[in-house]
Amino acid sequence: MPTVPTRAGEVAYEIKGDGVPIVMLHATLHDRRDYEVVATHFAEKYKAISVDWPWHCDSKGTPGRESLGAAGFADVLEDVVVGLKLGPAIFVGNSVGGFAAARLAITHPDQVRGLVLVNSGGFFDWTPWSRLLTRPLGSAVVSRFIMPRLVPRYMSPQTDHDQEITRRVAAIAGTAGGASIAAALWRSFLHPSHDLRSRAKDLKAPVLLAWGTRDPIFPKAAGPMAQKYIPGSQLEYFDTGHVVFSSKPAEFYGAVDPFIESIVADNKNPA
Numbered sequence: 001m002p003t004v005p006t007r008a009g010e011v012a013y014e015i016k017g018d019g020v021p022i023v024m025l026h027a028t029l030h031d032r033r034d035y036e037v038v039a040t041h042f043a044e045k046y047k048a049i050s051v052d053w054p055w056h057c058d059s060k061g062t063p064g065r066e067s068l069g070a071a072g073f074a075d076v077l078e079d080v081v082v083g084l085k086l087g088p089a090i091f092v093g094n095s096v097g098g099f100a101a102a103r104l105a106i107t108h109p110d111q112v113r114g115l116v117l118v119n120s121g122g123f124f125d126w127t128p129w130s131r132l133l134t135r136p137l138g139s140a141v142v143s144r145f146i147m148p149r150l151v152p153r154y155m156s157p158q159t160d161h162d163q164e165i166t167r168r169v170a171a172i173a174g175t176a177g178g179a180s181i182a183a184a185l186w187r188s189f190l191h192p193s194h195d196l197r198s199r200a201k202d203l204k205a206p207v208l209l210a211w212g213t214r215d216p217i218f219p220k221a222a223g224p225m226a227q228k229y230i231p232g233s234q235l236e237y238f239d240t241g242h243v244v245f246s247s248k249p250a251e252f253y254g255a256v257d258p259f260i261e262s263i264v265a266d267n268k269n270p271a
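Counted the way full-length UniProt numbering counts, the sequence shown spans residues 1 to 271.
Spelled out as structure tokens, the structure:
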């Protein structure tokens, strides 16, 4: 598996196809295999690039830096984009992957043609209640107990691929290493660096929000919150859990393909 150097160690990636690059970024404790079917579909027309975050799957990460949070993953994405010499790309980001892609579009707009944000972090109106529920998961001990039970809830599996993802992630969440990584990410979600709401006005790339309505982590109500902050964004709902593209791939393509095609066409025929 090829890797690219980043400030958090070597990051593994996989490329299929050729053309306009589409970079796919996964959720916490998940990995690039979430996108297997999606990557094959995109590779029919584009260069589909799926990435493993540090300490996930084939990306080992720098020892001792497992406490890297969401903002740290966004930093890693900056290094990936530079290391792969992609030029302007389209990003599909799920959960923390969506946050990292959105932050890149704000801080480095020349690198981003468009965004597909799937049940994405970064634009959530945190209430005292949601903070109270989230804070305990910042403990590795609590995370190791709760996360293996939470994964089937937020996945709401509908396909064989969903079931495979659920088994894989729940198993990792029950290990000491997985719990430590998950806890670091949960802690970072409450940090000001994870809040993009005040900066979202600087997000100029076209944005499609793909929202699974069965997700208890970022529920249906979180979709309009994100749309409220992101100027001109489109919002599509899906009857799925957290990983929309695995549960309803055909419906996902039905929304995403025209969105990507319009971006590519606009870049070929600038006004």
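Every residue, glycine too, gets a C-beta built ideally from N, C-alpha and C.
Residue environment for L133: exposed (fewer than 16 other C-beta atoms within 10 angstroms of its C-beta). Remark: C-beta atoms of P5 and G114 do not approach each other more closely than 8 Å. In the three-state scheme derived from DSSP, where H, G and I count as helix and E and B as strand, A12 is classed as strand.
Taking K220 as the centre and dropping the five residues before and after it, the same chain places the C-beta of T213 closer than 6 Å to its C-beta, in chain order. The C-beta separation of A74 from F99 comes to about 7 Å, placing the pair in contact by the 8 Å criterion.
In the three-state scheme derived from DSSP, where H, G and I count as helix and E and B as strand, W55 is classed as coil. The distance from the Cβ of T62 to that of G9 is about 4 Å, consistent with a contact at the 8 Å cut-off. Cβ-Cβ separation between E236 and L208: approximately 7 Å, consistent with a contact (criterion under 8 Å). Per DSSP, the continuous beta strand (DSSP E) segment holding A210 begins and ends at V207 to G212. At a cut-off of 3 residues, the continuous stretches assigned as beta strand (DSSP E) that sit fully inside the region 175-234 are 207-212. Considering only Y46, H26 and D160, the residue with the shortest C-alpha distance to A101 is H26. The C-alpha of A182 lies about 31 Å from the C-alpha of G87. According to the DSSP assignment, M1 belongs to no beta strand (DSSP E), since it is labelled neither H nor E. The beta carbon of T240 sits closer than 7 Å to the beta carbons of S156, Q158, G212, R214, S247 and K248 from its chain, once the five residues preceding and following it are set aside; these are given in chain order. T40 and F145 have their C-alpha atoms some 35 Å from each other. Exclusion of the five residues before and after R131 leaves L190 as the residues of its chain whose Cβ lies within less than 8 Å of its Cβ. Here A89 carries a strand assignment [DSSP, helix/strand/coil]. Per DSSP, the continuous beta strand (DSSP E) segment holding L115 begins and ends at V112 to V118. If you compare the alpha carbons of I15, C57 and E14 with that of R168, the shortest gap goes to C57. When the alpha-carbon of L29 is set against those of P224, A184, Y229 and E36, the nearest one is in A184. Note on geometry: alpha-carbon atoms of V80 and V11 lie some 8 Å from one another. Comparing C-alpha distances from W186 to each of A222, G121, G17 and K228 shows the shortest one belongs to G121. By the neighbour-count definition (other C-beta atoms within 10 Å, threshold 16), T127 is an exposed residue. A distance below 6 Å between beta-carbons, with the five flanking residues on each side excluded, links V256 to the following residues of its chain, in chain order: V116.
In this structure, D31 sits away from I106, with a CB-CB distance that is not shorter than 8 Å.
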